[in-house]
Amino acid sequence: MTLSDSINENISQNKVLIHEAAKKDGKLLSPIDLSLGITKPLYLDRLKWMNLGTLPRIMKMTNTGGTVVISAQWPSSPPYLVSGPLNDSYVFSQIHFHWGAGEHDGSEHS
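The opening residue of the sequence shown carries number 1 in the UniProt record's numbering; numbering runs sequentially from there.
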């Protein structure tokens, strides 16, 4: 087996690990204590943003006082992610942020 074959096999195995972990979504909720002492690097293809330079036709920002949601409509194909651990393309839909009055308020990860 060549070095290139070995790297490609590692990338394929790492994709499987990520997809298996994703199936646990909703069962093992955050926050998750990630200990660097027991983690190992995963070698994957790079994530690629496609159509990232396309400007939106319309943008909407909603502020609830604790969350901001930003969404957009594009004149043609919207931005999307491909490659990396992804088997499909994922279209940008919206981004949101949470905050609170204090340093530890507002985040579901506090």
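C-beta atoms are modelled at their ideal positions from N, C-alpha and C, and glycine is treated no differently.
Closest residue to residue i among the options (Cα-Cα distance)
i, options, result
"N10", "L44, R57 and K40", "L44"
"V16", "Q94, G100 and L86", "L86"
"I95", "T62, S12 and I18", "T62"
"M50", "I18, G65, S89 and T2", "S89"
Residue i in three-state terms, based on DSSP
i, result
"D71", "Note that residue 71 corresponds to Ser in the displayed sequence, not to Asp. The answer is strand: DSSP assigns S71 an E or B state."
"N51", "coil"
"L81", "strand"
"K60", "strand"
Rounded distance between the beta-carbons of residue j and residue i, thought under 8 Å
i, j, result
"L46", "G84", "Residue identity check: residue 46 is Arg in the sequence provided, not Leu. The pair is a contact, with the Cβ atoms about 6 Å apart (cut-off 8 Å)."
Boundaries of the beta strand (DSSP E) in which residue i is found, first to last residue
i, result
"F97", "Q94 to H98"
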